[in-house]
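Taking it in order: structure first as structure tokens, then the write-up.
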Amino acid sequence: MLVLADGRFPAGGHAHSGGAEAAVTSGRIRDAHGLEHFCRGRLHTTGLTAAALAAAAALGLDPLELDAAADARTPSPALRASGRKLGRQLMRAARATWPSPALDALARAFPKGAHQPVVLGLLARAAGLGPEDAAHCAAYETVGGPATAAVRLLSLDPFEATAVLARLAPDMDDVARRAVTAAHRAAELGTDALPAASAPLLDITAEQHAAWPVRLFAS
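The opening residue of the sequence shown carries number -6 in my numbering; numbering runs sequentially from there.
Here's what the structure looks like:
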């Protein structure tokens, strides 16, 4: 789990800000205080959804159905594209690190990339981890990316950004628990039982960000 959560794991996440670049440009993130509010909102919406998808994949639910569920829960075309790109990059690292027939099958089914949380869940399963681990990794990625991006975008003190993540630890634990509960419910009732929490402003700004002629991050 530590390897998967490490920002140095070559999954391509460093090129994405998780919406932070658009939020910084619009003035919604100006300092560590604004970053914390942004990350908390992202964690309890799209983060919960991603964590539940990852937990469900690690639990053994059909990854094709989970990918369709991820698509339905991502209304922004720009975010769907970046999610699949991140999934494709994670898949390359996953198959090299923990080879698995399940990962191979998913790669064949989605040569242009499956959604990143689904790949993350299968990768966790291939590495011998459980749904709780997958959910924690997904939750951490949800806030770790924007925090790292804010250091570059605002010249924010890295210690302040790390302190934000530390303060969010109880929220991450809560989101991971809720995600695992939802994954077990989905194993009985189907993928419609998974969370569909959304953040419409993230979707809107993602579309705007994708049209910028010059930007530091891919999303």
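Here a beta-carbon is modelled for each residue, glycine too, at the ideal position from N, C-alpha and C.
Please read all numbers here as calculations on a predicted model, not as lab measurements.
Whole angstroms are fine: how far does the CA of residue j sit from the CA of residue i?
i: Pro124; j: Pro92; result: 19 angstroms
i: Leu83; j: Arg101; result: 14 angstroms
i: Leu72; j: Ala140; result: 19 angstroms
i: Asp126; j: Arg85; result: 20 angstroms
i: Leu149; j: Val17; result: 12 angstroms
i: Glu200; j: Ala43; result: 19 angstroms
i: Phe2; j: Gly20; result: 31 angstroms
i: Asp(-1); j: Phe103; result: 25 angstroms
i: Ala117; j: Thr155; result: 25 angstroms
i: Trp205; j: Arg178; result: 41 angstroms
i: Ala48; j: Leu146; result: 31 angstroms
i: Asp166; j: Leu209; result: 31 angstroms
i: Ala107; j: Thr184; result: 16 angstroms
i: Arg213; j: Leu28; result: This structure gives no information on residue 213, because the portion of the chain shown stretches from -6 to 212.
i: Pro151; j: His30; result: 17 angstroms
i: Ala(-6); j: His7; result: First, the residue type needs correcting, since residue -6 is Met and not Ala in the sequence shown. Rounded to whole angstroms, Met(-6) to His7 spans 18 angstroms at the Cα level.
Return the chain-ordered list of same chain residues with a C-beta closer than 7 angstroms to the C-beta of residue i, the five sequence neighbours on each side being excluded.
i: Ser75; result: His9, Ala211 and Ser212
i: Arg33; result: Leu161 and Asp164
i: Leu158; result: Val136, Gly137 and Ala140
i: Val173; result: Ala48, Pro124, Glu125 and Ala128
i: Ser69; result: Asp196, Ala199 and Glu200
i: Ala189; result: Thr42 and Arg66
Near residue i, which residues of its chain fall below 6 angstroms by C-beta distance, leaving aside the five closest residues on each side in sequence?
i: Leu195; result: Gly12
i: Ala120; result: Trp91
Are the beta-carbon atoms of residue i and residue j separated by less than 8 angstroms?
i: Leu180; j: His129; result: Here residue 180 is Ala; the residue named in the question, Leu, does not match the sequence. No.
i: Ala50; j: Leu59; result: yes
i: Lys105; j: Arg77; result: yes
i: Arg171; j: Leu41; result: yes
i: Ala25; j: Glu134; result: no
i: Leu182; j: Leu46; result: no
i: Thr38; j: Ala192; result: yes
i: Gly5; j: Leu122; result: no
i: Ala132; j: Leu113; result: no
Run the CB neighbour count on residue i, radius 10 Å, all protein chains shown included, and call it buried at 16 or more, exposed below.
i: Gln109; result: buried
i: Arg23; result: exposed
i: Val213; result: The requested residue 213 does not occur in the structure, where the chain is confined to residues -6 to 212.
i: Ala175; result: buried
i: Gly137; result: buried
i: Ala62; result: buried
i: Pro143; result: First, the residue type needs correcting, since residue 143 is Ala and not Pro in the sequence shown. Flag for Ala143 reads buried.
i: Val(-4); result: exposed
Might you give, ordered along the chain, the residues of its own chain that have their beta carbon closer than 8 angstroms to the beta carbon of residue i, omitting 5 neighbours on each side?
i: Leu115; result: Ala50, Ala51, Pro56, Ala87, Ser93, Ala95, Leu96 and Leu99
i: Ala15; result: Thr198, Ala199, Gln201 and His202
i: Val111; result: Leu46, Ala47, Ala50, Pro56, Leu59, Asp60, Ala63, Gly80 and Leu99
i: Leu54; result: Ala176, Ala179, Ala180 and Thr184
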